[in-house]
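Below is one structure, written out as structure tokens; comments come after it.
Residue numbers (the numbering used here), protein chains in the order written: chain A, 380 to 1163; chain B, 59 to 494.
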């Protein structure tokens, strides 16, 4: 937080204008470099506290893809058909992956290696996210500078460099699409604003390219292609149409759509799905408006009125026709042309109603209130001030920022994951708010300090003309007053009129009005600094404690203060890679698919790219079925090993038993003989003695709790905080082959089919199973 | 590199086990342990034993309760086959028990079990484990008032002249067994769902299982052709098991005696027992009906060498070698019903293979227009033959980006339209900008 203060104070201390500008430029540059260093280094906690390792689930897939890219080149990557996942369907990686991140890291790796710096692919992948968060901070600087000048820009950049929400997705090792996508998002917005402010076709082209990079990087590009049309529409409606707006928008739609269609994963979706229709509609509207303005220019006012009626009627007819066609096209598709995730955005209850697979992902759940405080901290209080600051004066660019924050707040309220989109907007607005507040407060202080009273007037005037402050000084003064109202720290709003302004303009009186009492200003500055300090402390804490865990390695603090490390996942994966055949298939819930392929190099049935609901439902059905039916499902899919994650021994809450209801729901969605109520006792999910027999006999229960009673004699589950319901049982169709040190991962092998088929006499128990085997098979196995 | 080394050491260390456990090169058994109730059986069933010896088997006769009985030593099996001619034994001697016998079978060895009216629980439980259920009534015998042998002296029609034989040249040999087979013993049944077990000799429709000396108080549980007199089981690992309800079936006395079935005028000088027993034992000890398949290979038409991956709509050729064991050498197996599946969750292609009569089977087909991880699957299950189950995984990929057609003829109007638009726009710009 040292940086924003020096930004504000730095330039004002210089005497002559040019020298001051030069000095300010140098300082701003140094500050930007420092912000970059800060953004990079605050994300290294994970490497320091743990190790240089890829985190979580999706990053492992990206890492594997990057490895493939660096080994086989871009064409093979483009055409990569991966036969080690989604067995036996396989997955066309090149056509289903957003290649931006992979290509970026691959390029970095190639450049670095061609410079004879022998970095491994993994190292490059681990540090891609921190590097790009530095870039994102700089992009935020540029964007905010376009909106409210460099002071606000630097503040916003500093805030973004350490906003916890963004840190959570971009710590070293979190090698995920969002890492580069946030940079691309902010940079695209910057170029849009830049084009809007300059009206330069050059920037418009750059903007399309930046948009292309964003499309390459993340599915969230639809946010851009909807937000910018919204803004254009807003500008048109508020009568702010200009040729700059046209230049900013029209090339983006044309070039951007063409470029987006080049990305294999988007392809024809760029013109076929509803997510993109808004941009085309606005594209039509802007042309109609442009035509209207052109005609207005060449016609006399009288003629124009006639023309207006004509154009409006024709335009309305055309619009109606287009809308009718659109509705017809959209209505003909079953999901109304919207993908499931996008529908979730518009109707938050959609996913939980219809698509359990989307609802089952925790990051697709709506956030809780504390998570706002956790993720953006004091920014949540500064944002309203920033919005007000943006309203005075309301320029094209500031209205865009307002629109950005409003939409992203809505989206973040729908999905936790989109908090990430909110974070840059919050930082930009908070940066504006803080910068404006400091601007006002420091000026008030300067006016009243006896030592520099003579200078102060000059300074204030110059601050108006210098680039530090946005074009209209007059309106800004009003706005800062509004800002002051918002601040809880500024209780004293008594107006000082002692200082006399030299300028005989209307702004003089108003400027006098905004000068705050010295004490109040000093206290306000101190409080603001304190607020910033809180923010820094929180961010550093969040970076160090909350968001740096790689989740592949877990730690816990023991009672005597020692650190206990749970490295069970890697233990299990390396067991698999050393003890099983290369072509063996491993079944697990889809969460562990990416890790299994990347770390154990074994074929999996389903993974985190949840593109085939039926296949996932099959695995869910197998997990919720009794042993024999599960064995048959797995056997028909050539599965050799089954992997379950079990936290009951050490109290690891996100284990398979806790995810089990989702397996039941997803499985039951495709195979109706799996019914959720069968697993619930009076609507309650329990695994103790009160649990239903279906629950106690399903494969997931058995594989999780097999031999569990041997650990403590009672079978006390430390996650569910209860004793398990069925303690002593044997497995008939599976055999335990490996259990990790803390029992977190358990691997079972499918027994081969029985060599002989037993007769029925004497062993009545076995005879029942033999006789029932046949008729059950036809019904329960979804593949037959 | 390290992986390769591990693999090699693993293979090398496994090699001795692999070569000893079941040698695919000579599947015929050599060393056979015969367990007897008492040594008098050795002479009373000598024809059967001599026929085995003359075919090159090493017979090792032991009493079933011999305390030094052992099937394996130092983890290796001492025998390739086991004949249990000890129906009344309650406990085996030495280290042998039911589990040991079943392990012996599960490791690919063959077994003959002969029961009797005096069959013990031990023998019955061995049979049950193999999928054969003997009648639970310990005093019951198979009675057939229609199909009894005329020479039946007791008059209770328990000596049966059975002629309901399985129709399989593989199991019973090419020469038809003309004479009925004499049988006196207990009945067993097979579970209909048991695909591994076969009735070789089944009861006639008029047979039933009951105590011949007692009056029937309730309908017999086993009747008609549900009764199996002699069954064979081929386990999933191709170990073969023969279970007979009668030990006398193998005896010299039955083999030599003449037979006439009641109600049928034709009388045979010699019963069918000898031929039946010899032929079934030939099948049982893998002298017949043993197939080996291997060398599954495939290639793209016009190319040599096996590709690691196919593209959709590729034309490919598929080869597999199948040989049959003739008793002393591998002969080409000739059949017209071997099929290959191109399988991904369900068969996308099912083709019958053609053979060159030298053991090589071949077909060619087009890869379906579906990508995924396919398998070439040869699943060959034919009555009496060892079941073949081979598969080889092969991924099928979609077109590469540059394998599509570059220009589509039907789209030429669109190409033309876009180029004329571009040209028109260019001309318009020039005219508009420079023509004032």
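From the three backbone atoms N, C-alpha and C, an ideal C-beta is built for every residue, glycine too.
Annotated as distal: residue 226(B) and residue 284(B), with beta-carbon spacing of 7 Å or more. In the three-state DSSP reduction, residue 1125(A) falls in the strand class (E or B).
For residue 638(A), the three-state secondary structure derived from DSSP is helix. Taking a cut-off of 8 Å for Cβ pairs, the stretch 438-447 of chain A and the stretch 533-545 of chain A do not touch, as fewer than three such pairs fall below it. Using a Cβ distance threshold of 7 Å, residue 436(B) and residue 398(B) count as a contacting pair.
In the DSSP secondary-structure assignment, residue 383(B) is bridged to 348(B), 388(B).
Counting C-beta pairs closer than 8 Å gives fewer than three between the stretch 622-642 of chain A and the stretch 679-687 of chain A, which falls short of the contact rule. In the structure shown, the three-state DSSP call for residue 399(A) is helix.
Out of 304(B), 487(B), 167(B), 109(B), the CA that lies nearest to the CA of residue 177(B) is found in 304(B). Spanning the alpha carbons of residue 568(A) and residue 616(A) requires a straight line of approximately 21 Å.
In this structure, the beta-carbon distance from residue 925(A) to residue 955(A) does not fall below 7 Å. Residue 612(A) is not a Cβ neighbour of residue 667(A), given a cutoff of 7 Å. Per DSSP, residue 480(B) lies in no beta strand (DSSP E) segment; the continuous alpha helix (DSSP H) that holds it begins and ends at 470-492.
By the neighbour-count criterion, in which a residue is buried when 16 or more other Cβ atoms sit within 10 angstroms of its Cβ, residue 993(A) is exposed.
Each residue's CA atom was taken as its position, placing residue 509(A) and residue 439(A) some 17 Å apart.
Residues of chain B with a Cβ closer than 9 Å to the Cβ of residue 1137(A) are, in chain order, 186, 187, 188, 189, 249, 252. Taking a 10 Å sphere around the C-beta of residue 556(A), we find 16 or more other C-beta atoms and assign the residue as buried. Nearest C-alpha to residue 614(A) among 594(A), 943(A), 575(A): 575(A). Contact note: residue 455(B) reaches chain A through 460, using a C-beta cutoff of 7 Å and chain order. Closer than 7 Å to the CB of residue 468(A) there is at least one CB belonging to chain B.
Rounded to whole angstroms, the separation of the alpha carbons of residue 1093(A) and residue 1079(A) is 19 Å.
For residue 743(A), the secondary structure class from DSSP, reduced to helix, strand or coil, is helix. Annotated three-state conformation of residue 201(B) is strand, per DSSP.
Contacts with chain A at 7 Å (Cβ-Cβ) do not include residue 480(B).
Cα atoms of residue 179(B) and residue 987(A): separation of roughly 55 Å, rounded to the nearest angstrom.
Residue range 1018-1024 is occupied by the beta strand (DSSP E) that includes residue 1024(A), with no alpha helix (DSSP H) assigned at that position. Taken in chain order, the complete alpha helix (DSSP H) segments of 4 residues or longer contained in the stretch 542-578 of chain A are 543-549, 556-577. The continuous alpha helix (DSSP H) containing residue 1048(A) extends over residues 1035-1049. Within the stretch 412-441 of chain B, 429, 430, 431, 432, 433 place their CB atoms closer than 9 Å to a CB of chain A, listed in sequence order. Against chain A, the CB of residue 295(B) has a partner CB under 7 Å away; the residue lies at that interface.
A check of alpha carbon separations from residue 816(A) across 762(A), 790(A), 915(A), 827(A) identifies 762(A) as the nearest.
For the stretch 952-981 of chain A, the residues whose beta carbon sits under 7 Å from a beta carbon of chain B are, in order, 962.
For residue 1128(A) against residue 1116(A), the beta-carbon gap comes to about 5 Å, under 8 Å, which counts as contact.
Not a single C-beta of chain B is nearer than 7 Å to the C-beta of residue 990(A). Residues of chain A with a Cβ closer than 9 Å to the Cβ of residue 291(B) are, in chain order, 1135, 1136. Between the beta-carbon of residue 377(B) and that of residue 348(B) there is about 21 Å, and that puts the pair past the 8 Å contact cut.
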